[in-house]
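> Count along the sequence shown from 1, add 13, and you get the number used in my numbering. Every residue gets a Cβ at the ideal spot worked out from N, C-alpha and C, and that includes glycine. Since we're looking at a predicted model, the values are computed, not measured.
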Amino acid sequence: MNAAAEAVEGAARHLSDCHLCPHHCGKRRAEERNGVAQGVCRVGQQSYVASEMLHCGEEMLLQPAHAIFFSGCTARCTFCVAARFAFHPGYGLPVTAAQLAQRILQRQAEGARSVCFIGGDPAPHIPLIVATLAELGARRQIPAVFNSNFYLTSAALDLRAGSIDLYLPDLKFGPEVGPASCGERLGGMPGYWEVVTQAIDYGLAQGKRVIVRHLLMPGHFECCTLPVLTWLASRPALEVSLLTQYLAPARSRSAPTGALQMEELQAVRQLAKSLRLVW
Ligand code: SF4
Numbered sequence: 014m015n016a017a018a019e020a021v022e023g024a025a026r027h028l029s030d031c032h033l034c035p036h037h038c039g040k041r042r043a044e045e046r047n048g049v050a051q052g053v054c055r056v057g058q059q060s061y062v063a064s065e066m067l068h069c070g071e072e073m074l075l076q077p078a079h080a081i082f083f084s085g086c087t088a089r090c091t092f093c094v095a096a097r098f099a100f101h102p103g104y105g106l107p108v109t110a111a112q113l114a115q116r117i118l119q120r121q122a123e124g125a126r127s128v129c130f131i132g133g134d135p136a137p138h139i140p141l142i143v144a145t146l147a148e149l150g151a152r153r154q155i156p157a158v159f160n161s162n163f164y165l166t167s168a169a170l171d172l173r174a175g176s177i178d179l180y181l182p183d184l185k186f187g188p189e190v191g192p193a194s195c196g197e198r199l200g201g202m203p204g205y206w207e208v209v210t211q212a213i214d215y216g217l218a219q220g221k222r223v224i225v226r227h228l229l230m231p232g233h234f235e236c237c238t239l240p241v242l243t244w245l246a247s248r249p250a251l252e253v254s255l256l257t258q259y260l261a262p263a264r265s266r267s268a269p270t271g272a273l274q275m276e277e278l279q280a281v282r283q284l285a286k287s288l289r290l291v292w
């Protein structure tokens, strides 16, 4: 068996015993109740794509990207702007590796400069992604990008090592731990900081290009932005992308409310400058 076939087989094992993220649902992924998979993300055996398009919302070097938005997510962010499909894994159309490969080739011919696997989160769909990239082989001439919350296990990163060219992780929340921490309270991801920073370091150790995104949230300078930027500055090999498009949800008990204030943006600018961060 060649390396690509081995990777496809290894990834497919997580369809019945899933350890792609720290929720470690194991065999629950393959169990269904009333047609719904019992893992935390509720993604079962079949991946659904909510939408795919040539997209200019990614970082400049990736544009236009062939953006593939998978349904389902390993996080539960209270301010998610993609809740329509992130929290509904059956939203959109079911796809096979062969179908997705064909669409990637089509978008490549139309001028896509990258193919970006996004969500929701792409982690539960790693079996399909690995199979799709194996199906494409040398016909894919554009870089493959994994755009994720990076709440991942090292097993998930190992599966993708040979097939992904660039990682685009989020580092949203600061290092507090416990139920009151931002990562757990706002994102639904226990142990957030340790898991995500370790996964980013692991991606770097694989020799990948890594561009870390940090979403600025109103009222979260001290708890999130300050420690995140300080940590990013300690790893010069990382590239940084700061996002300012936070949108407070109309209804949520715990999500940050309001909009970023000018003083907050100035504080971030000053901090980034003092840390010599460029984005
Ligand atoms: S990817 Fe989904 S099924 Fe797999 S461990 Fe994570 S939450 Fe559970």
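Can we count R42 as close to the ligand SF4, meaning its CB is less than 7 Å from some heavy atom?
R42: yes, Cβ under 7 Å from the ligand SF4.
> Excluding sequence positions up to five away, which residues of its chain have a Cβ less than 6 Å from the Cβ of V241?
Counting only Cβ-Cβ distances below 6 Å, and skipping sequence neighbours, we find L184, H227.
> For M14, is the classification buried or exposed, using 16 other Cβ atoms within 10 angstroms of its Cβ as the cut-off for buried?
When all chains shown are included, M14 counts as exposed.
> From the DSSP output, in three-state form, read off V56 for me.
V56 falls in the coil class under three-state DSSP.
> May I ask you to check if the CB of H227 is nearer than 7 Å to at least one heavy atom of the ligand SF4?
Checking the Cβ of H227 against the ligand SF4 gives no.
> Relative to the ligand SF4, is the shortest distance from any of its heavy atoms to the C-beta of P182 smaller than 7 Å?
Incorrect: P182 has no Cβ contact closer than 7 Å to the ligand SF4.
> For V56, is the beta carbon positioned less than 7 Å from some heavy atom of the ligand SF4?
Because some heavy atom of the ligand SF4 lies under 7 Å away, the Cβ of V56 counts as near it: yes.
> Tell me, please, which residues DSSP counts as bridged to H79.
In DSSP, H79 forms a bridge with L67, V128.
> Could you check what DSSP says for R46 in three-state terms: helix, strand or coil?
Three-state result, R46: strand.
> Return no unless some Cβ of chain B is closer than 8 Å to the Cβ of A169.
Looking for chain B here will not work: only one protein chain is present.
> Pull up the distance between the alpha-carbon of Q283 and that of L239, whole angstroms please.
Approximately 11 Å between the Cα atoms of the pair.
> Run through DSSP, which three-state label would V158 get?
V158 falls in the strand class under three-state DSSP.
> Here's a check: name, in chain order, each residue in its chain whose Cβ is nearer than 6 Å to the Cβ of N162, leaving out the five neighbours to either side.
Taken in chain order, the residues that qualify are A88, D134, D183.
> Taking 7 Å as the line, does the beta carbon of A157 fall inside it for any heavy atom of the ligand SF4?
Checking the Cβ of A157 against the ligand SF4 gives no.
> Starting from the C-beta of L229, find all residues in its chain whose C-beta is less than 8 Å away, skip the five residues before and the five after it, and write them out in chain order.
Same-chain partners within the cutoff: T238, L255, L256, T257, Y259, L273, E277, L278, V281.
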